[in-house]
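For reference, the structure discussed in these notes is given below.
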Amino acid sequence: MEVFNSYSLTLATVLQVILLGFVGGILSGFIGSGGAFFMTPGMMNLGVPGVIAVGSNITHKFGKAMVGSRRHGEMGNVDRKLGLFMLLTAAVGIRIAVWINTSLLHVKKGAGDAAADLYISVVFVSILSVVALSMLRDIINSARTEGGGPSRRISEFLGRMRLIPEVNFPVSDVRISLWILLLVGLLTGYLAGTIGVGGFVGVPAMIYVFGLPTPVATGTELFLAMFMGAFGAVNYAFEGMVDLRLTLLMYLGSLVGIHIGTYGTKVVKEVVIRLVTSVIILLCVLSRGVAIPIYLRQLGWLGFDPAWDNYLNLASKGLLMASGSGGALMILVQVMRAYVRRRRVRASLDLSMAAEPKQPAQGRT
Amino acid sequence: MLICVSRGSYSCGKAFAESLAEKLGCLCIGREELLDRATEAGVAAGKLEMACLRPRGMTERMILEREHFQAFSVAYLARRALDGPLVYHGRTGHLLLQNVPHVLRVRIVADMETRIRSVEQRLGLDRVKARRYIEDVEDDRRRWVRTFYNLDWDAAAAYDVILNCDHASVSNLAAAFCKMAELPEFQETPAARSTLEDLLLAGQCRMALAKDDRTFNASFQVRAEHGVVTVTYLPRHAEAAQGIPEILQGVQGVTRVLPAMAATRILWVQERFDISSPTFTNLLDLADRWEAAVELMRLTSTDGSPIVERAISADPLKPAERAATGGIEEDSAGDTAGDTQESADDGGLEQTFTELAKQNRAGGRSTVRGNVRSLVDAVDTTTPYSLVVVGDAFLDKGKAARVRMTRELGNALHERLRVAVIQADEMKEQYLFGPRQLLTMLVFFGITAAIFLAVFTHQRQVLEMLARPGTRWRVLSAVVVVLLVPFVAYSYGKATHYLLKLIRME
């Protein structure tokens, strides 16, 4: 377990992890995802080994999803039956992911955890590129056709195929083939276990493939994330790959940021939310993509001067910070503008009430 | 008399509505006419139909068009209903004027075999295609109802009568139905007329905003009562909303315009309102925190019985036989001395509404006369409320009955609107910040600080424990992580939640 013990925290690192949590929290509240797409590579850029970054992140997500799913449950947005069905195979998916991640540690002597980092980065770049580009395409399509919203083509196509047995979910008002259900659960679990961002597959799958209403998809994903997070946390903790300190420090920032991000959704147009989300994800993908040559060199599969590692790492950090901080800053500006506008309205009302003579206004103007 | 016929595809609904209108000697309007008039008025009804029916959700533009179409439909039907007796037939006939008390809601159904034969004959399709055609059309209609009203089209409870046209001719069914249509429960009362006038004015105002370039792209919730028009708009539409008073000044019947910026809406149901009560203070505080508009709904003349029984008169249109019905009431609508006396006492509604308007928090007002059912029926399901606060109601009942009926009212409202419903006395505890919340916040901050202190002053021991080899240690580290992490998330989450509440940033 020397990988784990070799990582030490300085004050600067502590502050950076809190900041990562804060920015991730803002993005999480604004976008509705777990924010791991920003926090996992962010921690890797700080020098945290990829496996520990994923393990600590999935543990962090577990606690947050527990609080979030309770709130969604109160609003009736959680389809527990669907969540439990998906959980069956999601647990298998997580187990597979943990096994691959831990097996890749020290796969090549002298290369450290480069193989695991490379594997995590490649999966990250592949999956999130598809997600971000699909979102951008959806925005362009909806602007062109005025149809907008999530397409129901896939869910209707699968519905017509009638792959029996089908299971009825009264809360979501859908019937889904058991096989599709288990397959999506497996994929969600695998991605949650590999890169800590299962929600990026789970939520779109529930909307596009199952045909769920968006709030129910988000609520159910959080419910699922709670169990997947718990399972992932147990697995990674069992392997000694969770840094409790990182998880706690991330909470310091994320639980404040998430409120600000949620407030931001009230004051920003839906299409802007989707656009900002896809641009941020694309920049995160780019950031991770820039770091891939470093791992390839460490594994001996690519030859270049090791001094370039610093530049590439710096570029990766820069892109990540630009995406996260730029997005968070935009949200913060919108939130502050709304907050100031609210105070201004309040002040003008107080002034007009002070100027008004104190008698009950019965007449109609 | 206002009869709304909800029809399925090829189930004789149109023929029934036309036959009924002919027998009753009243006007008959179909959905097709409504769509044509809406298009003429500038509503993108065709695009809206396509957006609802094709396998794709709604953009903000289409959501706005939906708002325009709903406003136009309600105003159009309200105007026709005010002109005289009316029969309307369409897919959502039963939902268009859902808070008008005297609407008779009818659903016409027919056996699948009959419908398939009808499609085979009219469209020349084979049996399999005819069945699929009917199923597809029905699915589209279900989707339309869900998109517009978030309700189930097939829910039998939404109709007063469901008629099957398989075993009787349409003409005979209509003849038999005429007797039911003449029942006093389904005749227009002054109160019902007043409701229609308010709906017409609200619809006209919303359409006026839709036609003006300044407000064309903004979303508004419009309520009208006796000429007082309340318009709530989202914070992001604040600039567009500056034109509201000028635009609505030109609408006939508007006596006062009250625009209010609101990110959301709170419905406050009570029997008597008092601006000096703690409930009002708390509600205003909550509305301010949430940037919410408060809609007042007064429940009066409560009656425990589920159905208000009235005598059937020989001529139902003669007002002498009419009793006060459940529904939204007009101040001067009472026919009896008792009604007039009650109208004069508005239970503090006007004063509370005026006070809310001063605070830029007025979201509309209405008075419902009747029982729990009357109030639940009068609530608009298309309005996106965030919270319903049920205050003092059923004041003429004993304490136990009052508590029980208030709880029943809360449950019924929750089922109808699917939002959080709380009693007024729970508001402070659940949503506002007081000394108790301050103490809770400090306790949670204390717990979080203690955990952080314990972990960060013993980093070495914690790390060693988490990474120590051996199955027993690994199991222990997994247990510690799984128990400690959610506990920290909960404690710190609660503490930050209260902190943001304290600085009024929710």
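First to last, the sequence lines map onto chains A and B. Residues in the first sequence are numbered from 1 upward in steps of one, following the working numbering. Residues in the second sequence are numbered from 1001 upward in steps of one, following the working numbering. For each residue, glycine too, the CB sits at the ideal point set by N, CA and C.
### Task
Decide if H1167 (chain B) is buried, meaning its Cβ has at least 16 other Cβ atoms within 10 Å, or exposed.
exposed
### Task
Take L319 (chain A) and list the residues in its own chain whose beta-carbon comes closer than 6 angstroms to its own, dropping the five residues that flank it on each side.
L283, L286 and S287
### Query
So Q1204 (chain B) and A1075 (chain B) are in contact, right, with Cβ under 8 angstroms, and what is the actual spacing, rounded?
5 angstroms
### Query
Under 9 angstroms between the Cβ atoms of L1002 (chain B) and V1103 (chain B)?
yes
### Task
With a threshold of 16 other CB atoms inside 10 Å of the CB of L1502 (chain B), please say whether the residue is buried or exposed.
exposed
### Task
Please name the residue in B:R1141, B:V1161, B:V1228 and B:L1163 whose C-alpha comes closest to that of V1153 (chain B).
A small fix is needed here, since residue 1153 (chain B) is Trp in this sequence, not Val. The shortest Cα separation from W1153 (chain B) among B:R1141, B:V1161, B:V1228 and B:L1163 belongs to B:R1141.
### Task
Have a look at E1309 (chain B) and P1184 (chain B) and give me their C-alpha separation to the nearest angstrom.
Note on E1309 (chain B): pLDDT 36, under 50, position unreliable in the model; no value is reported.
### Task
Could you please give the first and the last residue of the uninterrupted alpha helix (DSSP H) stretch that includes S1169 (chain B)?
First-last for S1169 (chain B): undefined, no H or E at that position.
### Pair within 9 angstroms by beta-carbon distance, S1219 (chain B) and L1064 (chain B)
yes
#### Entry: Alpha carbon of G25 (chain A) to alpha carbon of V256 (chain A), nearest angstrom
7 angstroms
### Residues near Q1437 (chain B) in its chain [Cβ-Cβ closer than 6 angstroms; skip 5 each side]
Y1498
### Task
Would you list, in chain order, the members of the stretch 1169-1195 of chain B that have their beta-carbon closer than 9 angstroms to a beta-carbon of chain A?
none
### Message
Count Cβ pairs between the stretch 1452-1463 of chain B and the stretch 1394-1401 of chain B that sit closer than 8 angstroms; are there 3 or more?
### Response
no
### Message
Any contact between the stretch 1362-1369 of chain B and the stretch 1291-1300 of chain B? By contact I mean 3 or more CB pairs, one from each, below 8 angstroms.
### Response
yes
### Task
May I have the straight-line CA-CA distance separating R175 (chain A) from R1214 (chain B), to the nearest angstrom?
44 angstroms
### Query
Going along the chain, which residues of the stretch 224-249 of chain A sit with their C-beta nearer than 7 angstroms to a C-beta in chain B?
A230, A233, V234, A237, F238, G240, V242, L244, R245, T247 and L248
### Query
Excluding sequence positions up to five away, which residues of its chain have a Cβ less than 7 angstroms from the Cβ of L128 (chain A)?
F37, F200, I281, C284 and V285
### Helix, strand or coil at H1089 (chain B) according to DSSP, with G and I counted as helix
strand
### Query
Roughly how many whole angstroms lie between the Cα atoms of T1039 (chain B) and S1277 (chain B)?
48 angstroms
### Query
Is it true that the CB of L1035 (chain B) sits closer than 9 angstroms to the CB of P1085 (chain B)?
no
### Close beta carbons around A230 (chain A), own chain, < 6 angstroms, minus the five adjacent residues each side
F62
### Query
At a Cβ cut of 8 angstroms, what residues of the stretch 1447-1463 of chain B count as close to chain A, listed as they run along the chain?
I1451, F1452, V1455, F1456, Q1459, V1462 and L1463
#### Entry: Through-space distance from T1255 (chain B) to L212 (chain A), alpha-carbon basis
45 angstroms
### Query
Which partner residues does T1300 (chain B) have in the DSSP bridge list?
B:R1369
### Query
Can you name the residues that DSSP bridges to M1261 (chain B)?
B:Y1233
### Task
Taking only the alpha-carbon atoms, compute the straight-line gap between G148 (chain A) and V130 (chain A) and give it to the nearest angstrom.
Note on G148 (chain A): pLDDT 47, under 50, position unreliable in the model; the coordinate value appears next. The straight-line gap from Cα to Cα measures roughly 19 angstroms.
### Task
Please name the residue in A:L27, A:S28, A:F30 and A:G50 whose C-alpha comes closest to that of L246 (chain A).
A:G50
### is_contact[S1276 (chain B), chain A] using C-beta, thresh 9 angstroms
no
### Query
Would T59 (chain A) count as contacting chain B if we go by Cβ distances under 9 angstroms?
yes
### Query
Starting from G93 (chain A) and walking both ways along the alpha helix (DSSP H), at which residues does that stretch end?
R80 to L104
#### Entry: Exposure label - E1022 (chain B); buried when at least 16 CB within 10 Å
exposed
### Message
Using 9 angstroms as the threshold, is the C-beta distance between I1162 (chain B) and V1106 (chain B) below it?
### Response
yes
### Query
If you count every other CB in all the chains shown that lies within 10 Å of the CB of I140 (chain A), and 16 or more means buried, which is it?
exposed
#### Entry: Sequence-distant residues of the same chain with beta carbon closer than 6 angstroms to S1386 (chain B), five excluded per side
T1264
### Query
Near A322 (chain A), what residues of its chain come up, given a Cβ to Cβ distance below 7 angstroms and the 5 sequence neighbours on each side ignored?
L283
### Message
Tell me whether the stretch 224-239 of chain A and the stretch 91-100 of chain A touch, counting them as touching only if at least three CB pairs, one residue from each stretch, are closer than 8 angstroms.
### Response
yes
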